[in-house]
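Numbering (my numbering), first residue to last: 3 to 119. Beta carbons: idealized from backbone N, C-alpha and C, even for Gly. Worksheet: one structure, shown below.
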């Protein structure tokens with residue numbers, strides 16, 4: 003099992019920045035890909051960005067150029083730097099981990115952290 007705990011959410015004005023963090027623990031040797039998802043009220047959860055163990059990244063079109071995903075493998079940590087936040091970025095942000103970077107194949111999930119713009 004892998005446990006994921008997010009932090010760093012909050013309320014920020016449009017145009018502002020936030021940095022989310024996710025701490026992973028447990029059997030992390032099985033994890034190749036980590037990702038951030040979000041879910042806005044009344045909407046389905048969507049993938050925001052993912053990163054594999056080599057540092058290859060994929061972003062949703064809506065956040066390209068504004069958000070940056072990164073990870074520190076030594077610390078088993080995942081980050082999401084969010085700049086130029088917009089009202090439509092509001093939602094619960096979840097950290098996810100799995101063996102592959104297919105958006106539908108993440109096995110482990112955190113409890114989420116709220117972002118409000």
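Around the C-beta of residue i, are 16 or more other C-beta atoms found within 10 angstroms, so that it is buried, or is it exposed?
| i | result |
| --- | --- |
| residue 110 | buried |
| residue 96 | buried |
| residue 63 | exposed |
| residue 69 | buried |
| residue 7 | exposed |
| residue 101 | exposed |
Excluding the 5 residues flanking residue i on each side, which residues of the same chain have their C-beta closer than 8 Å to its C-beta?
| i | result |
| --- | --- |
| residue 4 | 26, 27, 28, 29, 30, 32, 33, 99, 109, 110 |
How would you write the range of the beta strand (DSSP E) that residue i sits in, first residue to last?
| i | result |
| --- | --- |
| residue 41 | 35–41 |
| residue 51 | 48–53 |
| residue 79 | 79–84 |
| residue 73 | 69–74 |
| residue 95 | 93–100 |
Going by the CB atoms, is the gap between residue j and residue i shorter than 9 Å?
| i | j | result |
| --- | --- | --- |
| residue 23 | residue 76 | no |
| residue 112 | residue 40 | no |
| residue 115 | residue 10 | yes |
| residue 37 | residue 90 | no |
Ignore the nearest five residues each way along the sequence and tell me which others in residue i's own chain have a CB closer than 7 Å to its CB.
| i | result |
| --- | --- |
| residue 65 | 50, 51 |
What does a CB cutoff of less than 6 Å around residue i pick up in its chain, not counting 5 residues either side in sequence?
| i | result |
| --- | --- |
| residue 21 | 10, 83 |
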